[in-house]
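Worksheet for the structure shown next.
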Amino acid sequence: MAVNDQYELYCLVDRLFYDTPDNRRSQHPDFPVADREVPAGWEHQPSDTWMHYAPETRQIAKQGWKIHVSARLEDANRALAAVWDYCVPRDIPFKFLRSAPVVTMFNSKAASRGASGKLITIYPLESELELALKELDTLLRGIQGPYILSDLRYADGPLYVRYGGFVARHCLSGNGEQVTAIENADGDLVPDVRGPAFTVPPWIPLPEFLEPHLKARNTVTTGDLPYDIEQVMHFSNGGGVYLGRDRRTGERVVLKEARPYAGLDAGGRDAVTRLQHERDMLRRLTGLDAVPEYRDYLTLGEHHFLVMEFVDGNPLQRQLVHRYPLTRADCSMESLAEYTAWVLETLPKVRAAVESLHGRGVVFGDLHPNNILVTETGRVVLIDFEVAMPVEAQGRSLLAHPAFQAPPDRRGADVDLYSLACLCFGLFAPQATIMLPLTQNKITQLARLITTTFPVPPETIETALRTIRGTADDLPYGWPSGPAAMVRAILATATPGRQDRLFPGDIAQFRPGGGINVAYGAAGVLYALDAAGAGRYPDHEEWLLDRAARPEPGTPPGFYDGLHGVAHVLDRFGHRRTALTLVDRAMSEAWRRLDTGLATGLAGIGLNLLHLGLDAQPIIEACVDRLPADVPELSGGANPRAGLMHGASGSALLFLHAYERTGQSVLLDLAEQALRQDLRRCVRTQDGSLQVNQGWRTLPYLEEGSVGIALVLARYLTHRPDEELRADLDALLLVTRSRYFVQPGLFAGRAGLVLAEPGLIPGLDWHALPYRDGLAFPGDQLLRISMDFATGTAGVLFAVSGAPLPFLRPPGDPAGSGAPL
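Here it is, written out as structure tokens:
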């Protein structure tokens, strides 16, 4: 699991739950320009990240050439004031990032390379474009900011241009996902590509006055380096890492690139500052076997390059993924012992590498498995010295991996010792130490789980445990367990006084409709409580009814993400008239633009229409029309997604329900065709299981993985037995023999597999957390507790109750039942 930087912003507000920055604005204030009075005749719309301004009388074009202003934090206020003063008198719409934390997030090392750098977006008419750029170039002279990779730079200042959408429109991409869209020359909606390179749609001419700027952009190339670039090893928003060869000596080297003002850390340092610091650290550590040798430092254009020894080794994280036995269906006592022996052999080598740095007076500061290389000869080398620091500084890193980041009370060399202890735990329970800030005694429980699962000497774990706990009291880890405890925790988090959400969940609940939908909002939580036998909660239903009567603009029509799912839950609770009103509202949308998936698209809508006894034939026909006869092999990124929520299995489920109502055998043929499409996207893994192949990883999960396909395939086989498909079903279900999953949630974690194999329930202890007098679970990324259906405690409760998902009850069982509490 890679940590998703989008979640950082939603961690700023609350220690336990993801929340919108709007709820702690006093601690993270907006830029001063946001406090200006909205000009007369203008509209203002704030969001979590942007502040939008537009004149009421001006109709904004749907697409065109937009201007972006880039600025570092120290120049942001000047840039914002200048753009406001320029745009308002001229009635030119604009938007800007609302606060310094948001700017840091958008420009952080892990941020999207295509979207980074943009502080302000301006939407001129095409007739205004050239003059606006010229005049703003003068007004913003001296302002500096990160290069916007997706755009063309105007002159040498902070202005950039790109052709793209001005208003939100969407279409389906080549892999069946909804993406932002623009109109092509024929008037059709096509993807609005926003990659880390400047491109112009083929039907749009580049304005003549921009030609010199494009020529200037193309004059600087990596050919001007004294090194041949042979391979891209890694990209981040701060720059790239490349494998190269010195033309002068023939030596293979690694070149690490840094872009000025980009790749910010929590302390506001940019990638160049950190790269120069890394250069100084490598020089200081010259001669240590655990450190790559420094070779060179140079600049090209505005980009900086650190050149160092190429170490031919694999990251420890890659070895962990390859070796870790609990994720394999064929895990045995022998494989547990073999893995444990490897860990016990590796940990002292890593410790010796870290201690060699301490001997030179340097704290590494960012120890985690991706920053540790192990060669075939057993040499251990630490990489990425951007946040290394002198021991005597007694500092702590602001850019460490959250699963290994020392708490504020650790300073100097103790920072590395804490990370080493987390590494000991992390090699046995990957990513689990991310949860430690959520409860004091989680680490004690993890220690018990590790020592009862792996044949590891107890003193190894006890030593790491003492290091992590520090001076904290050695609290027992016992806390409430079972479904009733989950119900107590869920209900304890209800906030009926809030307008945006009733229960805390994933950050997706702050999108339009997210606070009420099934996946992340109140509808899903109330549905789970009822399905699990925990009863109905009229006050909370009233909250949902009130918000459903006036859904946010932009609320999607889909089942798990929007109005159809809310209607389904309200109909379950007896609010038939409101449910049908919501369905009417949803069907008034341009539903043909949706994908075919169960979660957000046509399959979920069609299934809900069938459930409500309404006409689903147009939806079924649309899914048939979009069902390809075949599915391409993995190549070029234009591949359909596979699985229950976003793949063809959702359409297969729709066809099966239609068949069960009509008896038309052609619908069974279509269901088989759809299932075979998803099965072709699967691959046999080393343990013999069949998992969805994403090219760089395989997935076993409910949302996009083995189990979601298996649930639909099992239903199909009740109608048409097939030996080949039965063998595929068995291979899909092999994943339920795995004993460890990085996340606990229903859609992308262990709880989803519990639907197919209840024997996995005890393993939920790896992620269980106490909350007040109840039991809770962290959401996606494990950084905060979640109560929602897709990622959090409600989904876990639903899974352990034995209740089937909507539309997945056994054929002929319209009601289903949940286990009473």
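Anchor point for the sequence shown: position 302 equals 302 in the UniProt record's numbering, and the numbering is continuous, going up by one each time.
Ideal Cβ positions, reconstructed from N, Cα and C, are used throughout, including at glycine.
Item to check | Cβ shell of methionine 281 (< 8 Å), same chain only, five flanking positions each side left out | outcome: Translated into the one-based positions of the sequence shown, residue 281 becomes position 281. Val362, Phe385 and Ala388.
Item to check | glycine 195 versus proline 201: straight-line alpha-carbon distance, rounded | outcome: Residue mapping note: residue 195 aligns to position 195 of the sequence shown, counting from 1. Residue mapping note: residue 201 aligns to position 201 of the sequence shown, counting from 1. The alpha-carbon atoms of glycine 195 and proline 201 are separated by roughly 13 Å.
Checklist entry - What does cysteine 682 pair with, by DSSP beta-bridge criteria? => result Counting from one through the sequence shown, the residue named residue 682 turns up at place 682. Paired residue(s): Val692.
Checklist entry - What residue range is occupied by the uninterrupted beta strand (DSSP E) comprising valine 415? => result Along the sequence shown, read from residue 1 onward, the residue named residue 415 stands at position 415. Careful: valine 415 lies outside any beta strand (DSSP E), inside the alpha helix (DSSP H) at 413-428.
Checklist entry - In angstroms, rounded to a whole number, what distance separates the CA positions of leucine 713 and leucine 725? => result In the sequence shown, counting from the first residue as 1, residue 713 sits at position 713. In the sequence shown, counting from the first residue as 1, residue 725 sits at position 725. If you take the alpha carbons of leucine 713 and leucine 725, they lie about 8 Å apart.
Checklist entry - With a Cβ-Cβ cutoff of 9 Å, do tyrosine 560 and threonine 600 count as a contact? => result Start at 1 with the first residue of the sequence shown, and residue 560 comes out as number 560. Start at 1 with the first residue of the sequence shown, and residue 600 comes out as number 600. Their beta carbons are under 9 Å apart, which means tyrosine 560 touches threonine 600 by this criterion.
Checklist entry - For tryptophan 766, which option in Asp773, Met787 and Val796 has the closest C-alpha, if you only look at C-alpha atoms? => result The residue you call residue 766 lines up with position 766 of the sequence shown. Ranking Asp773, Met787 and Val796 by Cα distance to tryptophan 766 puts Val796 first.
Next on the checklist: Please give me, in chain order, every unbroken run of the beta strand (DSSP E) with length at least 3 that falls completely inside the stretch 323-377.
Outcome noted: 372-375
Checklist entry - Between Thr346, Leu80 and Arg641, which lies nearest to proline 628 when the distance is taken from Cα to Cα? => result Locating residue 628 in the sequence shown gives position 628, where the first residue counts as 1. The shortest Cα separation from proline 628 among Thr346, Leu80 and Arg641 belongs to Arg641.
Checklist entry - Are there three or more Cβ pairs, one per stretch, closer than 8 Å when the stretch 683-691 is compared with the stretch 725-739? => result yes
Checklist entry - What is the rounded straight-line gap between the Cα of valine 33 and the Cα of isoleucine 67? => result Here residue 33 corresponds to residue number 33 of the sequence shown, with the count starting at 1. Here residue 67 corresponds to residue number 67 of the sequence shown, with the count starting at 1. Valine 33 and isoleucine 67: Cα-Cα distance of roughly 19 Å.
Item to check | Presumed contact (8 Å Cβ cut-off) between glycine 565 and glycine 643, rounded CB distance | outcome: Mapped onto the sequence shown, residue 565 falls at position 565. Mapped onto the sequence shown, residue 643 falls at position 643. Glycine 565 to glycine 643, Cβ: 18 Å. No contact.
Checklist entry - DSSP beta-bridge partners for asparagine 314? => result As a working mapping, residue 314 is identified with position 314 in the sequence shown. Per DSSP, Val374.
Checklist entry - Which residues bound the beta strand (DSSP E) around glutamate 183? => result The residue you call residue 183 lines up with position 183 of the sequence shown. Residues 178-183.
Next on the checklist: Closest to leucine 670 by C-alpha separation, out of Asp625, Asp296, Arg680 and Ile709, would be which residue?
Outcome noted: The residue given as residue 670 occupies position 670 in the sequence shown. The shortest C-alpha separation from leucine 670 is found at Asp625.
Item to check | Buried versus exposed, by CB contacts within 10 Å (16 or more), glutamine 677 | outcome: For the purposes of this step, residue 677 is taken as residue 677 along the sequence shown, with counting starting at 1. The residue in question, glutamine 677, is buried, as its Cβ has 16 or more Cβ neighbours within 10 Å.
Item to check | Under 9 Å between C-beta atoms of tyrosine 701 and glycine 759 | outcome: On the sequence shown, residue 701 is found 701 positions in, with the first residue counted as 1. On the sequence shown, residue 759 is found 759 positions in, with the first residue counted as 1. No, they are not a contact pair.
Checklist entry - Can you give the Cα-Cα distance for leucine 206 and alanine 115, rounded to whole angstroms? => result Indexing the sequence shown from 1 puts residue 206 at position 206. Indexing the sequence shown from 1 puts residue 115 at position 115. Distance between the alpha carbons of leucine 206 and alanine 115 is about 21 Å.
Item to check | Where proline 89 falls, given that 16 or more other Cβ within 10 Å makes a residue buried | outcome: For the purposes of this step, residue 89 is taken as residue 89 along the sequence shown, with counting starting at 1. By the neighbour-count rule (16 or more Cβ atoms within 10 Å), proline 89 is not buried but exposed.
Checklist entry - At a cut of 8 Å, does the stretch 265-274 reach the stretch 305-314 through at least three beta carbon pairs? => result no
Checklist entry - Taking the alpha helix (DSSP H) that residue 831 falls in, what are its first and last residues? => result The displayed coordinates of the chain run from 1 to 821. Any statement about residue 831 would go beyond what the structure contains.
Next on the checklist: Helix, strand or coil, according to DSSP, for glutamate 126 in the structure here?
Outcome noted: The sequence position of residue 126 within the sequence shown is 126, counting from 1. Note: glutamate 126 maps to helix in three-state DSSP.
Item to check | Beta-carbon proximity check, arginine 661 vs leucine 808, cutoff 9 Å | outcome: Within the sequence shown, numbered from 1, the residue matching residue 661 stands at position 661. Within the sequence shown, numbered from 1, the residue matching residue 808 stands at position 808. In this structure, leucine 808 does not lie closer than 9 Å to arginine 661 by Cβ.
Next on the checklist: For a test of the three-state rule: what should DSSP assign to cysteine 171, helix, strand or coil?
Outcome noted: Residue 171 sits at position 171 when you count from the first residue of the sequence shown. If DSSP states are grouped into helix, strand and coil, cysteine 171 belongs with the strands.
Checklist entry - Just checking, does the stretch 168-181 make contact with the stretch 211-223 on the three C-beta pairs under 8 Å criterion? => result no
Item to check | At least 3 beta-carbon pairs within less than 8 Å: the stretch 235-244 vs the stretch 288-301 | outcome: no
Next on the checklist: For tryptophan 65, tell me which candidate among Val381, Leu133, Val354 and Ala616 has the shortest Cα-Cα distance.
Outcome noted: Residue 65 sits at position 65 when you count from the first residue of the sequence shown. The residue with the shortest Cα to Cα distance from tryptophan 65 is Leu133.
Next on the checklist: Please list the terminal residues of the continuous beta strand (DSSP E) segment that includes methionine 308.
Outcome noted: Here the question's residue 308 lines up with position 308 in the sequence shown. Per DSSP, methionine 308 belongs to the beta strand (DSSP E) from 303-309.
Item to check | Extent of the continuous alpha helix (DSSP H) to which isoleucine 67 belongs | outcome: To locate residue 67, count along the sequence shown from 1; it is residue 67. No alpha helix (DSSP H) contains isoleucine 67, which is instead part of the beta strand (DSSP E) from 63-69.
Item to check | Simplified DSSP assignment, three categories, for proline 437 | outcome: Locating residue 437 in the sequence shown gives position 437, counting from the first residue. Helix at proline 437.
Next on the checklist: Could you compute how far the alpha carbon of proline 810 sits from the alpha carbon of leucine 598?
Outcome noted: As a working mapping, residue 810 is identified with position 810 in the sequence shown. As a working mapping, residue 598 is identified with position 598 in the sequence shown. Roughly 18 Å between the two C-alpha positions.
Checklist entry - Which of helix, strand or coil does DSSP assign to tryptophan 766? => result Counted from its first residue, the sequence shown places residue 766 at position 766. Of the three classes helix, strand and coil, the one that applies to tryptophan 766 here is helix, per DSSP.
Checklist entry - In whole angstroms, what separates the C-alpha of proline 618 from that of alanine 603? => result Here residue 618 is taken as the residue at index 618 of the sequence shown, counted from 1. Here residue 603 is taken as the residue at index 603 of the sequence shown, counted from 1. Going by the C-alpha atoms only, they are around 11 Å apart.
Checklist entry - Helix or strand or just coil, what does DSSP make of threonine 662? => result In the sequence shown, residue 662 corresponds to position 662, counting from 1. In the structure shown, threonine 662 sits in a helix (DSSP, three-state: H, G or I).
Next on the checklist: In the DSSP assignment, the beta strand (DSSP E) including methionine 233 goes from what residue to what residue?
Outcome noted: Start at 1 with the first residue of the sequence shown, and residue 233 comes out as number 233. Residues 227-236.
Next on the checklist: Using only the alpha-carbon positions, how far apart do aspartate 86 and arginine 318 sit?
Outcome noted: Reading the sequence shown from its first residue, position 86 is the one you call residue 86. Reading the sequence shown from its first residue, position 318 is the one you call residue 318. Reading off the sequence, residue 86 comes out as tyrosine, not aspartate. The alpha-carbon atoms of tyrosine 86 and arginine 318 are separated by roughly 52 Å.
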